[in-house]
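For reference, each letter of the sequence shown is one residue, going 123 to 204 in the numbering used here.
Yeah, the Cβ is synthetic: ideal placement off N, Cα and C, and Gly gets one too.
Comments concern the structure below.
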Amino acid sequence: MERREKLTSIRKSMELTQKDVVNILLNEHNISITESYYGMIEQGVRTPTLKIALAIAALFNSNPNDIFFNQKPNKILGKTSA
Numbered sequence: 123m124e125r126r127e128k129l130t131s132i133r134k135s136m137e138l139t140q141k142d143v144v145n146i147l148l149n150e151h152n153i154s155i156t157e158s159y160y161g162m163i164e165q166g167v168r169t170p171t172l173k174i175a176l177a178i179a180a181l182f183n184s185n186p187n188d189i190f191f192n193q194k195p196n197k198i199l200g201k202t203s204a
């Protein structure tokens, strides 16, 4: 499984630690996960539930597709597809 570089990059650009993200998810979205679990999400080892993925995307003001799914070019059309 591939590391979710964009997720890590966004978090770091906002100057948040993994612990900060876990605390925000709990306080603002009533989602309780461990720092270890969040770290595994960033590493691509664990796939979050839809509820958690949407909350993470909202926290980072990002589209969940951009964070959690790799877009590969469509060779026939020469465009990216989800």
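| Asked | Found |
| --- | --- |
| 4 or more residues per run - each alpha helix (DSSP H) lying fully within the region 137-192 | 140-151, 157-165, 172-181, 186-190 |
| Rounded Cβ spacing between S184 and I132 (contact assumed at less than 8 angstroms) | 6 angstroms |
| When K173, N187, F191 are compared against L148, the one with the closest alpha-carbon | K173 |
| Cβ shell of P170 (< 6 angstroms), same chain only, five flanking positions each side left out | I163 |
| Heavy atom of the ligand MG within 7 angstroms of F190 beta-carbon | With respect to the ligand MG, the structure offers nothing, as it holds no ligand at all. |
| CB contact flag (K141, I189, <8 angstroms) | no |
| S154 versus I178, N187, S135, P186, residue with shortest Cα-Cα distance | I178 |
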